[in-house]
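Going by full-length UniProt numbering, the residue at position 394 of the sequence shown is 394; the numbering climbs one at a time, nothing skipped.
Cβ atoms here follow ideal geometry from the backbone N, Cα and C, with glycine treated the same way.
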Amino acid sequence: QHTLCGDLVLGRWGNYGPGDCFVLASDYLNALVHLIEVGNGLVTFQLRGLEFRGTYCQQREVEAITEGVEEDEGCCCCEPGHLPRVLSFNAAFGQRWLAWEVTASKYVLEGYSISDNNAASMLQVFDLRKILITYYVKSIIYYVSRSPKLEAWLSHEGIATALRPVRAPGYADSDPTFSLSVDEDYDLRLSGLSLPAFCAVHLEWIQYCASRRSQPVDQDWNSPLVTLCFGLCVLGRRALGTASHSMSASLEPFLYGLHALFKGDFRITSPRDEWVFADMDLLHRVVAPGVRMALKLHQDHFTSPDEYEEPAALYDAIAANEERLVISHEGDPAWRSAILSNTPSLLALRHVLDDASDEYKIIMLNRRHLSFRVIKVNRECVRGLWAGQQQELVFLRNRNPERGSIQNAKQALRNMINSSCDQPLGYPIYVSPLTTSLAGSHPQLRALWGGPISLSAIARWLLRSWERLHKGCGAGCNSGGNVDDSDCGGGGALTSLSNNPPLAHPTPENTAGSGDQPLPPGPSWGPRPSLSGSGDGRPPPLLQWPPPRLPGPTPASPAPTEGPRPSRLPGPGLLSSEGPSGKWSLGGRKGLAGSEAEPASGSPKGGTPKSQAPLDLSLSP
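Put into structure tokens, the structure is as follows:
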């Protein structure tokens, strides 16, 4: 929804129009995107999700989409090859017969990668079930210690009265659902679950969880906290045995009961557990999340069996899973809201029941960037196949789910198109409502065109422009500022020399061999190579400012006076600056034909007046 319209505008899906259909295909995820309406900066579309794994027919069509036509080198009955970046004759001829074309071979889209594990293989032996039950007990203790209502539960009179007998010497809960094969804290001497045996295994974990609380709680073996944890752990394991509906040691009843508790279906049938009805949050906030977290910890046990031996590591792992992972049944509204809110990871226990199999799978969804192929399908082909499905099912009464019209046809992608139609014609796993995608929500397109035009956007642009202009002029127009660092208008004719070393002035000793009169002080340029290229050894001439005087009568100049010369304030329109060769001044709005009373533009005060000979920059030998 956020990127579709922008990708269409950027041309990543090729040519498009209202009514076009595109297929997004990958190894495990396939979907059909139907463009309903195309407007100015918006696209209304509908997404139809197909099967995750797919049937045999769908897999054949996915293979036809993903196969590389560039590898075909055939021409009729021989294989002469093909030119670079040109299809062979057989491949080009075959592509002309298809009702679809690949418009993008690698379209990266953010989505969920799906991994499923068979729960039967993870719980087949008793040792693996014992690990699950142990994590179940530890998770219940964790949620009890983290609950904000712990003080209220410990001070509740009804709960304390119901749990008082468990502290009696020799007490043991001898329910038939408890056994030594799956319960780590089973008391073999008393043939049941007892408080001393429970503390021998889990007291360290209870004390660590209590130490992580902000308010201190009594942590002794006969404290109300330990008694409450023991009662809830016994209740949770009895609920698992009750949901299994069987006392046998087979795996199928155990998985059935685990799936029932995972959905939140708790059956309290024992009178010894009725104290839990004093506060239903004991079930909803402690026991139910304990089952789900135990399944995640049991799955992590296969990757690193000894990772959760230390209480600190186990506590941090449960806290991290609470923050970044959503564990719930797929029919729970929390599952849908988690997907819509882009939760990084999700976990569920799915019961797959069909004609041929009855199994339980642990589904793990991780948000990541996925690569798809974008296939544009002929819109008339899609409408024709959907119309044919209506005719066969509604009018011809062919209710066979494996009817011939829904079998694979790689030239038209018949199976993928027909299965994406609305039920009962097809069987899509998901059909979205009509969704509108806006071009302004695409981050790359927004960076290119700057977003929509509005009064607030114009005001922000004017404010930023004024701030840049004010900052540049303030830095460049100050006295001694460097105009190269600013955009100050009118300052481009000034050159600051304050950061450069002073240039050497020509002296009579340096110019004695030239035979010219001494030059007034002024800047000089460095030597330039001789144009004649002669190797007579003479130094190249200097290009100097002001230029040497031409032979002729010297214009009269006022006699120099002794003492300091009175300084003249610059008049209006005159810019002055301090340079290494004296004060420089620029007359405002005056060219080279200025008055004799004023010095030439760009010449030092007291230098050669403007009445001198014209400027001659030619090189003389």
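Test item: CB-CB of Arg403 and Leu393 under 9 Å: On the sequence shown, position 403 is the one that residue 403 refers to. On the sequence shown, position 393 is the one that residue 393 refers to. Yes, the pair counts as a contact, with Cβ atoms nearer than the cut-off.
With Trp100 as the anchor, note down where its beta strand (DSSP E) starts and where it stops. Position 100 of the sequence shown holds residue 100. Element bounds for Trp100: Trp100 to Asn118.
Whole angstroms is fine: what's the gap from Ser437's alpha carbon to Val326's? By 1-based counting over the sequence shown, the position of residue 437 is 437. By 1-based counting over the sequence shown, the position of residue 326 is 326. So the two alpha carbons sit approximately 27 Å from each other.
The segment 47-67 / the segment 408-425 touching (three or more Cβ pairs under 8 Å): yes
How about Val431 and Val23: do their beta carbons lie closer than 9 Å? Your numbering for residue 431 matches position 431 in the sequence shown. Your numbering for residue 23 matches position 23 in the sequence shown. For Val431 and Val23, no; Cβs fall outside 9 Å.
To the nearest angstrom, how far is the alpha carbon of Ile362 from that of Phe395? Numbered from its first residue, the sequence shown carries residue 362 at position 362. Numbered from its first residue, the sequence shown carries residue 395 at position 395. Looking at the two C-alpha atoms, the distance is approximately 41 Å.
Closer than 8 Å is the cut-off here; do at least three beta carbon pairs connect the segment 244-253 with the segment 227-235? no
May I have a chain-ordered list of the beta strand (DSSP E) segments no shorter than 3 residues that lie completely inside the segment 370-453? 435-438
Looking at the structure shown, is Arg237 part of a helix, part of a strand, or coil, going by DSSP? Looking up residue 237 in the sequence shown gives position 237. Reduced to three states, the DSSP call for Arg237 is helix.
Hey, is the segment 174-182 in contact with the segment 199-216, meaning 3+ C-beta pairs nearer than 8 Å? no
Counting along the chain, where does the alpha helix (DSSP H) carrying His284 start and finish? For the purposes of this step, residue 284 is identified with residue 284 of the sequence shown, where counting begins at 1. Per DSSP, His284 belongs to no alpha helix (DSSP H) and is neither H nor E.
My output table needs one value for Gln215: the three-state DSSP class, helix, strand or coil. Sequence index remark: in the sequence shown, residue 215 carries index 215 (1-based). In this structure, Gln215 counts as coil in the three-state DSSP scheme.
Within this structure, are the beta carbons of residue 629 and Leu195 separated by less than 9 Å? Lying before the first or after the last residue shown, residue 629 is absent from the chain, which here runs from 1 to 621.
So, using beta-carbon positions, are Tyr112 and Arg368 closer together than 9 Å? Locating residue 112 in the sequence shown gives position 112, counting from the first residue. Locating residue 368 in the sequence shown gives position 368, counting from the first residue. Yes. Within cutoff.
For the structure I just gave you, are there three or more beta carbon pairs, one from the segment 154-169 and one from the segment 219-228, closer than 8 Å? yes
Beta-carbon gap between His2 and Ser465 smaller than 9 Å: Walking along the sequence shown from the start, residue 2 turns up at place 2. Walking along the sequence shown from the start, residue 465 turns up at place 465. The answer is no: Cβ separation not under 9 Å.
By how many angstroms is the C-alpha of Ser211 removed from the C-alpha of Ala313? For the purposes of this step, residue 313 is taken as residue 313 along the sequence shown, with counting starting at 1. For the purposes of this step, residue 211 is taken as residue 211 along the sequence shown, with counting starting at 1. Distance between the alpha carbons of Ala313 and Ser211: 15 Å.
With three or more C-beta pairs closer than 8 Å as the rule, is the segment 7-20 touching the segment 37-45? yes
Neighbourhood of Val286 by C-beta distance below 8 Å, restricted to the same chain and skipping five residues each side: Counted from its first residue, the sequence shown places residue 286 at position 286. Result list for Val286: Ile140, Tyr143, Val144, Ser147 and Leu232, in chain order.
Residue span of the alpha helix (DSSP H) that contains Val137, given as start and end: For the purposes of this step, residue 137 is identified with residue 137 of the sequence shown, where counting begins at 1. Looking at the DSSP string, the run of the alpha helix (DSSP H) that includes Val137 is Phe126 to Arg146.
Bridge-paired residues (DSSP) for Val23: If you number the sequence shown from 1, residue 23 lands on position 23. Val23 pairs with Leu32 and Ile375.
Measure the C-alpha to C-alpha separation of Tyr360 and Asp116 and round it to an integer number of angstroms. What you label residue 360 is simply residue 360 of the sequence shown in a count that begins at 1. What you label residue 116 is simply residue 116 of the sequence shown in a count that begins at 1. Using only the alpha carbons, I get a separation of about 10 Å.
Look at the alpha carbon of Met293 and the alpha carbon of Asp27, and state the distance between them as a whole number of angstroms. Numbered from 1 along the sequence shown, position 293 holds the residue referred to as residue 293. Numbered from 1 along the sequence shown, position 27 holds the residue referred to as residue 27. The alpha-carbon atoms of Met293 and Asp27 are separated by roughly 30 Å.
Buried/exposed call for Phe262, threshold 16 Cβ in 10 Å: What you label residue 262 is simply residue 262 of the sequence shown in a count that begins at 1. Per the 10 Å Cβ criterion, buried.
Could you check how far apart the C-beta atoms of Val276 and Leu240 are, in whole angstroms? I think they sit under 8 Å. The residue labelled residue 276 in the question sits at position 276 within the sequence shown. The residue labelled residue 240 in the question sits at position 240 within the sequence shown. About 15 Å; that fails the 8 Å criterion.
If distances are taken between C-alpha atoms only, which option among Thr435, Asn378, Leu385 and Ala459 comes closest to Arg96? Counted from its first residue, the sequence shown places residue 96 at position 96. Cα-wise, what sits closest to Arg96 is Asn378.
If you follow the alpha helix (DSSP H) that Arg324 is part of, which residue opens it and which one closes it? Against the sequence shown, residue 324 aligns to sequence position 324. Unbroken alpha helix (DSSP H) run through Arg324: Pro311 to Arg324.
If I measure Cβ to Cβ from Thr269 and keep anything under 8 Å in the same chain, skipping five residues before and after, which residues do I get? As a working mapping, residue 269 is identified with position 269 in the sequence shown. Cβ neighbours of Thr269 beyond the five flanking positions: Thr242.
Distance check for Leu346 and residue 623, CA to CA, integer angstroms please. In the structure as shown, the chain begins at 1 and stops at 621. Residue 623 is therefore absent and cannot be evaluated.
Residues sharing a beta bridge with Asp358, DSSP: By one-based count along the sequence shown, residue 358 stands at place 358. Its beta-bridge partners are Leu353.
Paired residues, beta bridge with Leu346 - DSSP: Counted from its first residue, the sequence shown places residue 346 at position 346. DSSP, once it has assigned bridges, lists Val326 and Leu365 as partnering Leu346.
Helix, strand or coil, according to DSSP, for Asp7 in the structure here? Position 7 of the sequence shown, counting from 1, holds the residue named residue 7. Three-state DSSP puts Asp7 in a helix.
Would you check if the distance between the CB atom of Ala439 and the CB atom of Gly6 is smaller than 9 Å? To locate residue 439, count along the sequence shown from 1; it is residue 439. To locate residue 6, count along the sequence shown from 1; it is residue 6. Yes; because the gap between Cβ atoms is below 9 Å, this pair is in contact.
What's the C-alpha gap between Ala320 and Ile417? Numbered from its first residue, the sequence shown carries residue 320 at position 320. Numbered from its first residue, the sequence shown carries residue 417 at position 417. So the two alpha carbons sit approximately 42 Å from each other.
Could you compute how far the alpha carbon of Ala475 sits from the alpha carbon of Glu467? The residue labelled residue 475 in the question sits at position 475 within the sequence shown. The residue labelled residue 467 in the question sits at position 467 within the sequence shown. Computed Cα separation, rounded: 12 Å.
Quick one: residues in its chain with C-beta nearer than 6 Å to the C-beta of Tyr427, no 5 flanking neighbours on either side, listed in chain order? On the sequence shown, residue 427 is found 427 positions in, with the first residue counted as 1. Ser419.
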